[in-house]
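Chemist: The structure under discussion is supplied below as structure tokens; questions concerning it will follow.
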Amino acid sequence: MHSEKTLSKRLKEYLLPAVFLIFSILLPCSSKEFSEEIQSIYSFTIATDLSNVLKCSDQPDLAERLISTGRELGVRVLIGKPLLDGKDATYEALPGRLGTIIISDRIMAPEVRCKLISHEFIHVLQHLRANLLGVEPLGWIVPIEAVSAFGSLQEAEAYTYQNNASVVLKLLLVELQERQILSR
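Pasting the structure below:
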């Protein structure tokens with residue numbers, strides 16, 4: 025698909041104009057195990073100024089942009105009964121291909137709907153991170169309490185960052201652009 029180096033470079037170029045909130049994708053090994061050069065290939069840090077991040081709480085219509093970009097990428101987005109009981113949305117990660125997001129048809133506040141959709145697209149990004157073979161954490165910084173509260177690092181990332189819809193959208197756009205370049 026694409027190399028970590030290429031994706032890392034593209035993400036840096038796309039998101040670096042901002043400063044403050046730290047996101048990192050790191051290998052599960054410590055940096056001491058790699059030379060500085062190798063570590064820089066496999067890790068990146070993106071600083072994003074929180075004042076420049078469009079949030080679901082401020083702009084809930086970002087949900088529609090997430091859906092349209094996700095569909096363009098190849099994610100199926102349906103309204104219906106989510107696959108997990110008690111959930112208002114689910115993402116089914118399919119081996120070797122993008123999966124399906126199912127969103128409940130229950131009435132909810134636009135901000136809640138946006139966070140729900142952003143949350144599921146974080147799982148899409150985790151699926152892409154695993155080259156569509158699983159769902160790997162993105163390496164975003166999350167409080168340790170969130171991991172135990174939500175049951176997994178993947179869920180902790182999704183719940184912690186679900187309000188940051190513009191960051192999720194930018195990462196989906198980077199992935200879309202990468203796929204368009206590769207298909208030429």
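To convert, note that position 85 of the sequence shown is 109 in our numbering; the numbers rise steadily by one, no gaps.
Every residue gets a Cβ at the ideal spot worked out from N, C-alpha and C, and that includes glycine.
It should be emphasised that the depicted structure is a prediction, and the values quoted were computed from it without experimental measurement.
Rounded to whole angstroms, what is the Cα-Cα separation between V136 and V171?
Modeler: Numbered from 1 along the sequence shown, position 112 holds the residue referred to as residue 136. Numbered from 1 along the sequence shown, position 147 holds the residue referred to as residue 171. The alpha-carbon atoms of V136 and V171 are separated by roughly 21 Å.
Chemist: Looking at K18: is its Cβ nearer than 8 Å to the Cβ of I126?
Modeler: The question about residue 18 has no answer here: the residues shown for the chain are numbered 25 through 208.
Chemist: Can you find the residues in the same chain that come closer than 8 Å, C-beta to C-beta, to E181, ignoring five residues on each side of it along the sequence?
Modeler: Position 157 of the sequence shown, counting from 1, holds the residue named residue 181. So the list reads I146, Q150, P161, L162, W164 and V166, once near-sequence residues are dropped.
Chemist: Using 10 angstroms around the beta-carbon of N187, count the other beta-carbons present and answer buried if the total reaches 16, otherwise exposed.
Modeler: Locating residue 187 in the sequence shown gives position 163, counting from the first residue. Buried, since its Cβ has 16 or more Cβ neighbours within 10 Å.
Chemist: Should L90 and I141 be called a contact, given that it needs their Cβ atoms to be closer than 8 Å?
Modeler: Translated into positions along the sequence shown, residue 90 becomes position 66. Translated into positions along the sequence shown, residue 141 becomes position 117. In this structure, I141 lies closer than 8 Å to L90 by Cβ.
Chemist: Does S190 pass the burial test, meaning 16 or more other C-beta atoms within 10 Å, or should it be called exposed?
Modeler: The residue given as residue 190 occupies position 166 in the sequence shown. Label assigned to S190: buried.
Chemist: Any idea which residues DSSP pairs R121 with across the strands?
Modeler: Stepping through the sequence shown from its first residue, residue 121 is reached at position 97. R121 pairs with L118.
Chemist: Using the Cα positions of L200 and P84, report the straight-line distance between them to the nearest angstrom.
Modeler: Taking the first residue of the sequence shown as 1, we reach residue 200 at position 176. Taking the first residue of the sequence shown as 1, we reach residue 84 at position 60. Approximately 22 Å between the Cα atoms of the pair.
Chemist: Relative to the alpha-carbon of Q178, which residue among A154, V101, L193 and R121 has its alpha-carbon at the smallest distance?
Modeler: What you label residue 178 is simply residue 154 of the sequence shown in a count that begins at 1. Among A154, V101, L193 and R121, the Cα nearest to that of Q178 belongs to A154.
Chemist: Please go through the segment 122–190 and give each complete alpha helix (DSSP H) segment of 4 or more residues, from N-terminal end onward.
Modeler: Within the segment 122–190, the complete alpha helix (DSSP H) runs of at least 4 residues are 134–153, 168–174 and 177–185.
Chemist: Using three-state DSSP, classify L195 as helix, strand or coil.
Modeler: Here residue 195 is taken as the residue at index 171 of the sequence shown, counted from 1. Correct three-state label for L195: helix.
Chemist: How should K79 be labelled, buried or exposed, when 16 other C-beta atoms within 10 angstroms of its C-beta is the threshold for buried?
Modeler: For the purposes of this step, residue 79 is taken as residue 55 along the sequence shown, with counting starting at 1. Burial call: buried.
Chemist: Measuring alpha carbon to alpha carbon, tell me which of F174, T114, I168 and E144 ends up nearest V192.
Modeler: Translated into the one-based positions of the sequence shown, residue 192 becomes position 168. Closest option to V192, Cα to Cα, is E144.
Chemist: For the alpha helix (DSSP H) containing L102, list its first residue and its last residue.
Modeler: The residue labelled residue 102 in the question sits at position 78 within the sequence shown. First-last for L102: R100 to I103, but that is the beta strand (DSSP E), not the alpha helix (DSSP H).
Chemist: Report buried or exposed for G123, applying the criterion of at least 16 other Cβ atoms within 10 angstroms of its Cβ.
Modeler: Looking up residue 123 in the sequence shown gives position 99. By the neighbour-count rule (16 or more Cβ atoms within 10 Å), G123 is buried.
Chemist: Would G110 be called buried (16 or more neighbouring beta carbons within 10 Å of its own) or exposed?
Modeler: Translated into the one-based positions of the sequence shown, residue 110 becomes position 86. G110 should be labelled exposed.
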